[in-house]
Amino acid sequence: MSSTESKQPVTPATAPQDERIQRVSLWKRALNRPELGALAGAVLVLSFFIVASSGTGMFTPAGIINFLEVAAQLGIIATAAALLMIGGEFDLSIGSMIGLAGILIAIPAVEYGWPLWAAILLAFSCAALVGWINGNLVNKTGLPSFIVTLGFLFILRGLAIGISRLLTGRTQVGGVQAHIPGDWFAALFSGEVATGLFTWMAANGWMATNFAGNPVVSGIPVSIVWWLGLTALATWVLLCTPYGNWIFASGGDANAARNSGVPVHRVKISLFMFTAFSATIFACIQVMDTGSADTIRGMLKELEAIIAVVIGGALLTGGYGSAIGAALGALIFGMVQMGIFYTGVNTDWFQVFLGVMLLVAVLFNNYMRKKAMEAK
Amino acid sequence: MTTRTPMIEMRSVSKHFGSVIALSDISMQVYSGEVMCLLGDNGAGKSTLIKTLSGVHQPTLGEMLLDGKPARFKSPAYALDAGIATVFQDLAMVPLMSITRNFFMGREPTVGWGPLKRIDWKYADRVAKEEMAKIGIDVRDPSQPVGTLSGGERQCVAIARAVYFGAKVLILDEPTSALGVKQASVVLRYIAKARADGLAVIFITHNVHHAYPVADAFTLLSRGGSLGSFRKEEVSREEVLNMMAGGAELESLDAELAEFQRGDKAKKASLAEQDTQPSNETSSTEPPSPRTASGY
């Protein structure tokens, strides 16, 4: 029954203009979008730091790339966390998965001479397995995903440390950098794009150059491209595809979804696999960027991702939220983290700010959802 | 009537859960274009019966025939594929999702191909609006959340969805129980419409006043067994009510009510006497109200 010509169109029962519909203004429509709060927050934070950090270099091209890169790294995992949360589940094992994936890339490449692409594929395969196990455990046991993935938070972290110590005797593995050049797969996770554009801009005097005559910003870091790409993909999936509808349905009311023929279990397993994938993408970018892997990488990232998603307007109980919101949440996160650094405020206060922002976001979201549920 | 094949038929169906006999020896025929009302008090086995019909449970004994052919459903999905749509009390709706998203949940119409396959929102919105208009509910904006609809409207979305997706047998679990009079009448009108469209409707309720106007036949359940099926011509509303609630209980209730009424009347009378004594004017401004006195 999915073809469009399955039913004949019926007579239009209502006149096109219904007197009970008042023209809903764009503003009112926007109020019903989950990401509105995050957008308002982003504008607020942006304007605050434009004033507070004027003259410090935060909003020079280099500074902008700086905080965008912080936002991008978080945004990559936040996108996946957003889809999962809309689907009604949590994944607390994202951070540990980042640590484990980094180890799985670095050790085979550095210690055993694997080509980097093979090591990256190994990491992705393991991520798929972890996501599959997470999803199946949640589905089969009916336990809250909070508990299941909390278990995996420790299991994966322990595995990362254990494997690393067992095979190398250390918890840090360096020297990945030497393997990057010429590896087609690693190229996807390293370096910058649009370097030509920036060189051209510098040549035309539109961008400052350093002492060597190179542009101060040599290109857009690949993490930002991944972030924007994943956000666009997730938004398209949520808004335009049947699978997106299933995600909303699974999170909104799993029982109702199942009774309507939605494969709720398959949806949830795939979402857990996607969060593990996103953690691995994060790990790839980080390992290529720093040239090393460390077993403690990614700590607390799962919570930061959840903060970004919630600031972005998603409901903790599922069924409501957006990927664009999560991206805005990550942007706020990046701006605040770097902004505090630039404005010279003691960075100790960053976490206070983060916690307050989370609470405000949740309160605002609850209020907005109540509004949305009232007849417009 | 006897020459027609029932759309769905149960033959001596029993369902046991361990030592509990939830249904015993139920037989029932429902024809296309008819409404069969399933009546029974709490615990009579109505829920077990519809869950058996919709594939949630499998009968322990007996058989079911769909359009004359034996049918056995392993899960609700099989029953759905066979054209048996059940609207459970929870309606299988997600309040936070839009009407259109709910209407097409699990069966989204798509356009495009391959990785570009996407939901045809224009078509979906139009169909949702039209299907709702058919049953007399004018949806202002199909993208509004289902949570903003009233209970009766939600019920109608659920039924409209079942009908739109080609149900031959429509099972409605207490569709009017939580509704006000006006909303219930909307749902009842829609049930009548579904019947006119040739569906076999099984309407579960314990409200005879809702059941009687739309029903063609009644099956009465009591304590897991059937008290029999009756055509509407054969029984009156009072008889159905009597059978359903157990005549004795209703009679004793009647007696009790009569007792209250007598007390009421006596009180009214004494009050009226007191009122009339001081002055005649006050009593004339307060006309006697027979409606309250009779206590309907």
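If you're matching them up, the sequences are chains A and B in order.
Residue 119 in the UniProt record's numbering is what sits at position 119 of the first sequence, and the numbering runs on without skipping anything.
Residue 129 in the UniProt record's numbering is what sits at position 129 of the second sequence, and the numbering runs on without skipping anything.
Glycine is no exception: its CB is placed at the ideal position from the N, C-alpha and C atoms.
6 Å CB neighbourhood of residue i in its chain, flanking five on each side removed
i, result
"alanine 119/A", "Ile105, Pro108, Ala109"
"arginine 291/B", "Because the pLDDT of arginine 291/B is 45, which lies under 50, any placement of that residue in the model is unreliable, and the number read from its coordinates should be weighed accordingly. Here the set comprises nothing."
"alanine 283/A", "Ile98, Ala101, Gly102"
"tryptophan 236/A", "none"
"glycine 298/A", "Gly95, Ile98, Gly99"
"phenylalanine 104/B", "Ala124"
"valine 264/A", "Ser250, Ala254, Ala257, Arg258"
"valine 356/A", "none"
Cutoff 8 Å; reference residue i; Cβ partners in own chain excluding five residues on either side
i, result
"glutamate 69/A", "Pro221, Ser223, Ile224, Gly334"
"threonine 4/A", "At threonine 4/A the pLDDT is 42, less than 50, meaning the model places this residue with poor confidence; the figure from the coordinates comes in the next sentence. Excluding residues within five positions, none has a Cβ falling inside 8 Å."
"serine 226/B", "Asp25, Ile26, Ser27, Met28, Thr219, Leu220"
"alanine 167/B", "Gly83, Ile84, Ala85, Leu199"
"valine 87/B", "Gln155, Ala158, Ile159, Ala162, Leu170, Ile171, Leu172, Asp173, Pro175"
"histidine 210/B", "Thr176, Ala184, Leu188"
Proximity below 8 Å, CB of residue i to CB of residue j
i, j, result
"phenylalanine 248/A", "glycine 319/A", "yes"
"alanine 71/B", "leucine 80/B", "no"
"proline 34/A", "glycine 325/A", "yes"
"threonine 195/A", "glycine 219/A", "yes"
"serine 50/B", "isoleucine 204/B", "According to the sequence provided, residue 50/B is isoleucine. The question's serine does not apply to it. Their beta carbons are under 8 Å apart, which means isoleucine 50/B touches isoleucine 204/B by this criterion."
"glycine 228/B", "alanine 22/B", "no"
"alanine 85/B", "alanine 162/B", "yes"
"isoleucine 332/A", "tryptophan 226/A", "no"
"valine 176/A", "glycine 252/A", "no"
"aspartate 305/A", "alanine 128/A", "In the sequence under discussion, the amino acid at residue 305/A is alanine, which differs from the aspartate named in the question. Cβ distance not < 8 Å, so alanine 305/A and alanine 128/A don't count as in contact."
"leucine 83/A", "alanine 323/A", "yes"
"methionine 36/B", "alanine 217/B", "yes"
"methionine 85/A", "leucine 316/A", "yes"
"threonine 100/B", "serine 143/B", "yes"
"phenylalanine 49/A", "glycine 339/A", "yes"
"valine 216/A", "methionine 207/A", "yes"
"glycine 261/A", "alanine 77/B", "yes"
"residue 299/B", "arginine 231/B", "Residue coverage of chain B in this structure runs from 1 to 296, which leaves residue 299/B outside it and unanswerable."
"alanine 92/B", "serine 222/B", "no"
Contact belief for residue i with residue j at Cβ below 8 Å, rounded distance in angstroms
i, j, result
"cysteine 240/A", "isoleucine 119/B", "6 Å"
"phenylalanine 189/A", "serine 145/A", "Going by Cβ atoms, the distance from phenylalanine 189/A to serine 145/A rounds to 28 Å, so no, they are not a contact pair."
"alanine 52/A", "threonine 343/A", "5 Å"
"alanine 78/A", "alanine 330/A", "5 Å"
"valine 94/B", "alanine 256/A", "6 Å"
"histidine 206/B", "aspartate 90/B", "With 8 Å as the limit, histidine 206/B and aspartate 90/B do not qualify as a contact, their Cβ atoms being about 18 Å apart."
"phenylalanine 353/A", "valine 336/A", "6 Å"
"threonine 280/A", "isoleucine 161/A", "With a Cβ gap of about 18 Å, threonine 280/A and isoleucine 161/A do not count as contacting."
"alanine 72/A", "glycine 312/A", "Actually they do not touch by this definition, with Cβ atoms about 15 Å apart."
Spatial neighbours of residue i in its chain, beta-carbon cut-off 7 Å, leaving aside the 5 residues before and after
i, result
"valine 187/B", "Gly152, Gln155, Cys156, Pro175, Thr176, Leu179"
"tyrosine 296/B", "Its pLDDT being 42, under 50, tyrosine 296/B is placed unreliably by the model, and the measurement read from it follows with that caveat. Same-chain partners within the cutoff: there are none."
"isoleucine 155/A", "none"
"lysine 268/A", "Gly87, Glu89, Gly135, Val138, Asn139, Ser250"
"valine 362/A", "Val310"
"lysine 15/B", "Ala22, Leu23, Thr48, Thr52, His57, Pro59, Thr60"
"aspartate 67/B", "Thr5, Met7"
"aspartate 138/B", "none"
"serine 243/B", "It should be pointed out that residue 243/B corresponds to methionine in this sequence rather than to serine. Answer for methionine 243/B: Leu220, Leu227, listed in chain order."
"threonine 168/A", "Ile107, Glu111"
"leucine 96/B", "Pro145, Gly147"
- Query: Quick one, which residues of the region 259-274 of chain A are near chain B if we go by CB-CB under 9 Å, in chain order?
  - Reply: Asn259, Ser260, Gly261, Val262, Pro263
- Task: Using a Cβ-Cβ cut-off of less than 7 Å, list which residues of the region 52-78 of chain B approach chain A; keep chain order.
- Result: Pro76, Ala77
- Query: Listed from N- to C-terminal order along the chain, which residues in the region 310-333 of chain A have their beta-carbon within a distance smaller than 7 Å of any beta-carbon of chain B?
  - Reply: Gly319, Tyr320
- Message: By the 7 Å beta-carbon criterion, what residues does the region 232-245 of chain A contribute toward chain B?
- Response: Cys240, Thr241, Pro242, Asn245
- For the region 192-212 of chain A, which residues have a beta carbon sitting closer than 7 Å to at least one beta carbon of chain B? none
- Message: Give me the subset of the region 99-113 of chain B whose CB atoms are less than 9 Å from a CB atom of chain A, sorted by chain position.
- Response: Arg101, Asn102, Phe104, Met105, Gly106, Arg107, Glu108, Pro109, Thr110, Val111
- Residue ranges of each beta strand (DSSP E) within the region 253-325 of chain A, 3 or longer: none
- Query: At which residue ranges does the region 40-82 of chain B contain complete alpha helix (DSSP H) runs of 4 or more residues, listed in the order of the chain?
  - Reply: 46-53, 76-81
- Item | Sequence ranges, beta strand (DSSP E) only - wholly within the region 321-358 of chain A, length at least 3 | none
- Task: Quick one: which unbroken beta strand (DSSP E) runs of 3-plus residues sit fully inside the region 86-149 of chain A? Chain order, please.
- Result: none
- Query: Taking a cut of 9 Å between CB atoms, which residues from the region 136-161 of chain A lie near chain B?
  - Reply: none
- Pick out the complete alpha helix (DSSP H) segments inside the region 210-250 of chain A, 4 residues or longer, and give them in chain order. 222-240
- Taking only beta carbons into account, state which residues of the region 274-289 of chain A come closer than 8 Å to chain B, listed in chain order. none
- Message: Please give me, in chain order, every unbroken run of the beta strand (DSSP E) with length at least 3 that falls completely inside the region 168-199 of chain A.
- Response: none
- Message: Threshold first: 4 residues or longer. Then list the alpha helix (DSSP H) segments lying entirely within the region 89-131 of chain B, N to C.
- Response: 99-103
- Item | Contact residues within the region 85-96 of chain B, judged by C-beta distance below 9 Å to chain A | Thr86, Phe88, Asp90, Leu91, Ala92, Met93, Val94, Pro95, Leu96
- Got a sec: which bits of the region 144-155 of chain B sit with their beta carbon under 7 Å from any beta carbon on chain E, in order along the chain? The chain labelled as chain E is not found among the protein chains of the depicted structure, namely A and B.
- Uninterrupted alpha helix (DSSP H) stretches inside the region 117-197 of chain B (no shorter than 4 residues): 121-134, 151-164, 181-196
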